[in-house]
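Reading through the structure tokens given below for one structure.
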Amino acid sequence: MPVNAEKEITKLWKTLQGAQGEICNTYYRWRDFAVEMAGENADPMEIGLKAAEAFGLYIGKGLLPRLNLLKGDEAFLGMVAKQLAGAWANEGAAVRVEPGEKPTEAMIRCDRDPWPTAAKTFGVPMEEVAQAREKMFQAMLVDVSLFFNRKLSIEMLKAIPRGEGEWVFKLSLDQ
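In this text, residue positions in the sequence shown follow this note's numbering: the first is 295, and each later residue adds one.
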């Protein structure tokens with residue numbers, strides 16, 4: 295029986311998009327439950343940011359086997375930037391890595407991200423979405439910096455949830 299490649303690819307693409315959407319929805323369902331369990335005096339943003347940090351620490355450990363220093367610090371920084379971008383792309387973002395102004399910098403840009411839309415569905419403030427992404431990326435770098443003995447930092451310069459049209463992060467290898 296002949297295979298309709300276009301139909302099969304479309305089916306796979308829709309399945310992928312569904313799974314990516316479910317990543318966001320599951321996170322915000324968990325957040326709602328955690329806020330409810332914490333009680334009425336709890337700060338929902340604090341809970342969300344703590345969760346982003348915890349998720350980032352676990353995701354960061356998963357980056358370690360994919361990184362090395364064999365080609366020097368500049369190549370290492372590029373690998374880290376690509377891993378951060380790849381993790382975000384797995385969640386459904388349209389993300390790319392560009393060189394920074396210095397050899398010890400890389401820019402991570404995103405112009406389509408499903409997280410703000412999912413957050414709106416669950417009534418999460420957009421500022422929390424922006425801070426959570428930065429907190430998650432910062433946490434992802436903790437073990438990478440420690441393991442490779444390189445001080446990495448990341449700074450959010452623009453954020454879609456703040457109405458700035460795109461996300462822009464500057465990843466730096468501090469000397």
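For each residue, glycine too, the CB sits at the ideal point set by N, CA and C.
- Judged by pairs of C-beta atoms under 8 Å, the segment 418–429 touches the segment 447–465, as three or more such pairs exist.
- Between residue 449 and residue 339, the CB-CB gap reaches or exceeds 9 Å.
- By the neighbour-count criterion, in which a residue is buried when 16 or more other Cβ atoms sit within 10 angstroms of its Cβ, residue 360 is exposed.
- In the displayed model, residue 444 falls within coil according to three-state DSSP, outside both helix and strand.
- Pairing residue 452 with residue 404, the inter-Cα distance amounts to about 10 Å.
- Annotation: residue 295 is outside any beta strand (DSSP E) and is labelled neither H nor E by DSSP.
- Excluding sequence positions up to five before and after residue 410, its CB lies within less than 8 Å of the CB of 420, 423, 454, 455, all in the same chain and listed in chain order.
- For residue 463, the enclosing beta strand (DSSP E) begins and ends at 461–468.
- By the CB criterion at 9 Å, residue 378 and residue 341 fall outside the cutoff.
- Looking at the DSSP output, residue 400 sits in a beta bridge with 393, 465.
- Beta-bridge partners assigned by DSSP to residue 452: 462.
- Taking a cut-off of 8 Å for Cβ pairs, the segment 389–403 and the segment 305–322 do not touch, as fewer than three such pairs fall below it.
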